[in-house]
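Accompanying notes for the structure given below.
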Amino acid sequence: MSSFEPRIVAFLCNWCSYAGADLAGTSRIKYPPNVRTIRVMCSGRINPMFIVNALQEGADGVLISGCHPGDCHYSKGNYYARRRYQVMKNILEYIGIHPDRVRMSWVSAGEGQKFADVINEVIEGIKALGPAEEIRRR
Amino acid sequence: MKIGVYICECGINISSTVDVSKVAKKIGKLSGVAVSRNYKYMCSDPGQEMIKKDITALGLDRVVVASCSPRMHEPTFRNTVEEAGLNPYCFEMANIREHCSWIHHDREKATQKAYELVSGSVARAMGLEPLDRKEVGVTPAAMVVGGGIAGIQAALSIADEGFKVYLVEKEPTIGGRMAQLDKTFPTLDCSACILTPKMVDVSRHPNIELLAYSEVTEISGYIGNFTVKVNKKPRYVDEEKCIGCGVCAEHCRLKGTVPNEFDMNKGKRGAIYAPFPQSVPLKYTIDPEKCLMLTRGKCGKEPRCVENCPRDAIDFKQKESIVELNVGTIVVATGFDLFDLSVKPEYGYGKYDNVITGLEFERIVSASGPTGGKVRLNGKYPKNVVFIQCVGSRDRKGPGNEYCSRVCCMYTAKQAHLVREKLPDSHITVYYTDVRAFGKGFEEFYNRIKKEGVTYRRRELDDAIEVFQKDEKTYVKAKGYKDAEADLVVLAVGLVPKSGSKELAHVLNIQNSGDGFYLEAHPKLRPVDTMTDGLFLAGCCQSPKDIPDTVSQANAAASRASIPLARGKVEINPATSVVDEDLCVGCRTCEKICSYSALEYDEERGIMKANEVLCKGCGSCTAACPSGAISLRHYRDTGVMYQLEALLREGGTE
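Just so you know, the sequences run in chain order W and Z.
Under the numbering used here, the first residue of the first sequence carries the number 58, and numbering increases by one thereafter.
Under the numbering used here, the first residue of the second sequence carries the number 506, and numbering increases by one thereafter.
See below:
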């Protein structure tokens, strides 16, 4: 199990979390290469289908990250993302997927270290769960 | 489809961790990729030329550049492809520097990850469609929030360029912190003498409308077309009638009983007051929390201010009013507060009345202050004066701040000089860790102060320091030194963001950095911009800085804020939502979700329509639409799905 290197997709909002990930890079903070980032303008843009799709295409875990509550560049998008995330978790559980495979976090543009910490945490969490094969297409 | 892919080496920033030629070769084998190259610096002229030549020679219809963050160079390359005749939105970027080479050690894994990121971008590029750049008109006016030296300078500069400026200040007067200072380092010019003429310039400038004692409560719109709601608090004095004669304050029953905030509560005022004699606007204000009439409804037989005002200007019935203003750009200059010393009891602040902050010292040493400029405490001139630096700053363990407040070293040196000037026989000791004399004339000034008989005692920041009293005498205890007797202790207290600045950040839709100050769009190259187009930063709201830096930054922000006003047009984001009329069932779910009222219901046809100018392109409606009728241009579901599939196509990182 220790050799299992999970594949994780991170949906990051442009204004906070993507910028936080950029800051982690600019600050040369190291973290493992398990995560592939997808930039969206707002966490509110994340269609729950993206998450299902990621798990179907072979992701072992998904991270959704947006601006801190109250800090959304578009004022409320992160709240919509949070609500959808809560509902999503129930649906995932219903179809037999461990709800912890999908994680949500708030990372601001000034939090490079926090971004790296979140990634490390997510990787550890997914490693403990093992590969996600429940709805994988191939 | 003919896609051109360009992998940047970024000198060795990318190529030292990622095998770029391997990535380029592998990407070249993907279907749809017509050309795949790597180059030392894609953003350089030859790099951009390479892309342009390929677009023309090979007839490329999509371009992908894999380099740094798109938040850095996306606009650069969009222009590049546009110059070669390709639509700028047929361009996509993969971030293999911040999100790959800079965060990984393992070359093999980083190379594989870079390949996957680029292949994801190639897939996404296939789903992109050309979009037209759009422009909208600009309201030729600006707003400046905060009337300290930063806001004053920004307002004057924009107004001098010929544009209308609304200057909004929370306090009854403009002037801010600089008005409270006595002298300024390192030149020792009198702060009020250089500031007050600028304050008067503000009040006289035909292009500036000053809204003092007012606060921004709401903002809507976007660059070029903001609507700002400003709450004008009631002064209970008719500003039109008041001529600032001060007779009211002379006669106030509470005269000399209310601590004056301007004097850092070291002086006293009445319930009706002007913070200081050179206040701008020079209009008196009634303190609603202190005034007998406003708190109890009764003030003697008749309030003395009413009795004595020669202009009949007192109006206890005044109410707050909301003003709505239209502006094209906004400069935020909300300044700073002092670090809260209640979390650092070891300094004895609040416990011993001879322990004061640097800003309190400024009021005491100022000729216009409560002691008339005499450095005197409880009627006595101090013999031993001790300064302690880095109070609340450079604190790695907390509860202070980790950052350096930048101005304290020099203001301490200046204050030591002022003590020496006023009390030639006093003993002056400064506890410091490093004297950061980095500005023009700073080191020379520091050397001069040392020669004036000021003892500098170096200590380690992590070592404890304590102010204590014994036998009615005050001492400063620091490791490595005999306890220093002190009649007066002045704390070089660090700077923190202005109280309420987090709430204001929400209103303005700008962000804070980790230290709580407002975040600039780029630390090096866009130091006065914010991530919200049309909003700019000046002064200490962005980070602690001295007056020259603040004035420079204010002029920079003014210049940035004037560009859209001068152009008269701004480009708006064309990546907006679009409703598929055949799919929309008119459930109006999206209408409630949109923060910008960009989705309008067409009663007649029973469907929604998206307004391209109002839409900001967040895509929340897209994800919410139950019938999948809304798409966000440039970020359509299909594009994201293509990208996902490509990112996960290979076996991962096992």
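Ideal Cβ placement from N, Cα and C applies to all residues, glycine included.
Just so you know, these numbers come straight off a predicted model, no measurement behind them.
**Q.** Contact set for residue 622/Z: own chain, Cβ-Cβ below 8 Å, skip 5 residues either direction
**A.** As a working note, residue 622/Z is residue 117 in the second sequence. Within the same chain, residue 622/Z has close Cβ partners 571, 599, 600, 601, 604, 605, 1152.
Q | Reduced DSSP category for residue 778/Z - H, G, I as helix; E, B as strand; rest coil | A | As a first step, residue 778/Z must be located in the second sequence, where it is residue number 273. Residue 778/Z falls in the strand class under three-state DSSP.
Q) What's the call for residue 943/Z, buried or exposed, on a 16-neighbour Cβ count within 10 Å? A) As a working note, residue 943/Z is residue 438 in the second sequence. Residue 943/Z should be labelled exposed.
Q. So, do the stretch 613-633 of chain Z and the stretch 1050-1066 of chain Z have three or more beta carbon pairs nearer to each other than 8 Å?
A. no
Q. Which runs of the alpha helix (DSSP H) fall wholly inside the stretch 654-715 of chain Z and span at least 4 residues, in chain order?
A. 654-665, 696-709
Q: Note down, in chain order, all residues in the stretch 1100-1131 of chain Z with a beta-carbon under 9 Å from any beta-carbon belonging to chain W.
A: 1100, 1101, 1121, 1122, 1123, 1124, 1125, 1126, 1127, 1128, 1129
Q. When you compare each of 854/Z, 863/Z, 848/Z, 932/Z to residue 888/Z by their alpha carbons, which one comes out closest?
A. Here residue 888/Z refers to the residue found at position 383 of the second sequence. Nearest option by C-alpha distance: 932/Z.
Q.
Suppose the cutoff is 7 Å on Cβ atoms and the five residues either side in sequence are ignored; what does the same chain contact list for residue 1101/Z look like?
A. Against the second sequence, residue 1101/Z aligns to sequence position 596. Result list for residue 1101/Z: 1119, 1120, 1121, in chain order.
(Q) Taking the beta strand (DSSP E) that residue 1069/Z belongs to, which residues open and close that run? (A) Within the second sequence, the letter at position 564 stands for residue 1069/Z. Segment 1052-1072 is the alpha helix (DSSP H) holding residue 1069/Z; no beta strand (DSSP E) there.
Q.
Strictly by DSSP, which residues pair up with residue 807/Z?
A. Translated into positions along the second sequence, residue 807/Z becomes position 302. For residue 807/Z, which the question treats as bridged, DSSP gives no partner whatsoever.
Q: Give a yes or no on whether the C-beta atoms belonging to residue 647/Z and residue 663/Z are separated by under 8 Å.
A: For the purposes of this step, residue 647/Z is taken as the residue at position 142 of the second sequence. For the purposes of this step, residue 663/Z is taken as the residue at position 158 of the second sequence. Closer than 8 Å, so yes.
Q.
What residue range does the beta strand (DSSP E) around residue 71/W cover?
A. In the first sequence, counting from the first residue as 1, residue 71/W sits at position 14. From DSSP, residue 71/W is part of no beta strand (DSSP E); its letter is neither H nor E.
Q) Who are the neighbours of residue 1145/Z on chain W, taking C-beta pairs under 7 Å? A) For this step, residue 1145/Z is matched to residue 640 along the second sequence. By Cβ distance, chain W contributes 95, 107.
Q: Using a cut-off of 8 Å between C-beta atoms, extract the partners of residue 579/Z located in chain W.
A: The residue you call residue 579/Z lines up with position 74 of the second sequence. Within 8 Å Cβ-Cβ: nothing; residue 579/Z doesn't reach chain W, min ~10 Å.
Q | Minimum C-alpha distance to residue 75/W - residue among 63/W, 86/W, 95/W | A | Counting from 1 along the first sequence, the entry for residue 75/W is found at position 18. Ranking 63/W, 86/W, 95/W by Cα distance to residue 75/W puts 95/W first.
**Q.** CB contact flag (residue 1023/Z, residue 1017/Z, <8 Å)
**A.** Your numbering for residue 1023/Z matches position 518 in the second sequence. Your numbering for residue 1017/Z matches position 512 in the second sequence. In this structure, residue 1017/Z lies closer than 8 Å to residue 1023/Z by Cβ.
Q.
Quick check: the Cα distance between residue 509/Z and residue 70/W, rounded to an integer number of angstroms?
A. In the second sequence, the residue the question calls residue 509/Z occupies position 4. In the first sequence, the residue the question calls residue 70/W occupies position 13. The straight-line gap from Cα to Cα measures roughly 27 Å.
Q.
Less than 6 Å between C-beta atoms, sequence neighbours within five positions excluded: which residues of the same chain meet that for residue 150/W?
A. For the purposes of this step, residue 150/W is taken as the residue at position 93 of the first sequence. The answer, listed in chain order, is 156.
Q: Using a Cβ cut-off of 7 Å, pull out every chain Z residue sitting near residue 168/W, in sequence order please.
A: As a working note, residue 168/W is residue 111 in the first sequence. Simply 1019.
Q. Does any residue of chain Z bring its CB to less than 8 Å from the CB of residue 81/W?
A. Taking the first sequence and counting its residues from 1, one reaches residue 81/W at position 24. For residue 81/W, the answer is yes, since a Cβ of chain Z falls inside 8 Å of its Cβ.
Q: Taking only runs that begin and end inside the stretch 732-790 of chain Z, name each unbroken beta strand (DSSP E) of 3 or more residues, in chain order.
A: 763-765, 772-774
Q: With a threshold of 16 other CB atoms inside 10 Å of the CB of residue 467/Z, please say whether the residue is buried or exposed.
A: As shown, chain Z starts at 506 and ends at 1159. That puts residue 467/Z outside it, with no answer to give.
(Q) According to DSSP, residue 933/Z sits in a beta bridge with which residue or residues? (A) Counting from 1 along the second sequence, the entry for residue 933/Z is found at position 428. 890/Z, 959/Z.
Q. How would you call residue 702/Z, buried or exposed, if buried means at least 16 neighbouring beta carbons within 10 angstroms?
A. Along the second sequence, one-based indexing puts residue 702/Z at 197. Result: exposed.
Q. Does DSSP put residue 173/W in a helix, in a strand, or in coil?
A. Start at 1 with the first residue of the first sequence, and residue 173/W comes out as number 116. The answer is helix: DSSP assigns residue 173/W an H, G or I state.
Q | Interface residues of chain Z facing residue 215/W [CB-CB closer than 9 Å] | A | Because chain W spans 58 through 195 in this model, residue 215/W falls outside it and cannot be assessed.
Q | Residues that residue 615/Z contacts on chain W, provided the C-beta gap is smaller than 8 Å | A | In the second sequence, the residue the question calls residue 615/Z occupies position 110. By Cβ distance, chain W contributes 90.
(Q) Using only the alpha-carbon positions, how far apart do residue 98/W and residue 1062/Z sit? (A) Stepping through the first sequence from its first residue, residue 98/W is reached at position 41. Stepping through the second sequence from its first residue, residue 1062/Z is reached at position 557. In a straight line, the C-alpha of residue 98/W is about 26 Å away from that of residue 1062/Z.
Q | Rounded C-alpha distance that separates residue 65/W from residue 174/W | A | Position 8 of the first sequence, counting from 1, holds the residue named residue 65/W. Position 117 of the first sequence, counting from 1, holds the residue named residue 174/W. Straight-line Cα distance between these residues: approximately 15 Å.
Q.
Using C-beta distances below 8 Å, list every residue in its chain close to residue 755/Z, excluding the 5 sequence neighbours before and after it, in chain order.
A. The residue given as residue 755/Z occupies position 250 in the second sequence. So the list reads 813, once near-sequence residues are dropped.
Q | Boundaries of the beta strand (DSSP E) in which residue 600/Z is found, first to last residue | A | Taking the second sequence and counting its residues from 1, the one referred to as residue 600/Z is at position 95. Its beta strand (DSSP E) spans residues 596-600.
Q: Would you check if the distance between the CB atom of residue 42/W and the CB atom of residue 1037/Z is smaller than 8 Å?
A: No information on residue 42/W is available, as it lies outside the stretch 58 to 195 that chain W covers here.
Q) From which residue to which residue does the alpha helix (DSSP H) around residue 1016/Z run? A) Position 511 of the second sequence, counted from the start, is the residue given in the question as residue 1016/Z. Residue 1016/Z -> no alpha helix (DSSP H), and no H or E assigned at all.
(Q) Restricting to Cα atoms, I'd like to know which of 642/Z, 897/Z, 645/Z, 661/Z is closest to residue 651/Z. (A) Against the second sequence, residue 651/Z aligns to sequence position 146. When only C-alpha atoms are compared, the closest one is 661/Z.
Q) Helix, strand or coil: which one does DSSP assign to residue 855/Z? A) In the second sequence, the residue the question calls residue 855/Z occupies position 350. Residue state, collapsed to three classes: coil.
Q: Tell me whether the beta-carbon of residue 735/Z lies closer than 8 Å to the beta-carbon of residue 720/Z.
A: The count along the second sequence starts at 1 and reaches residue 735/Z at position 230. The count along the second sequence starts at 1 and reaches residue 720/Z at position 215. Yes, they are a contact pair.
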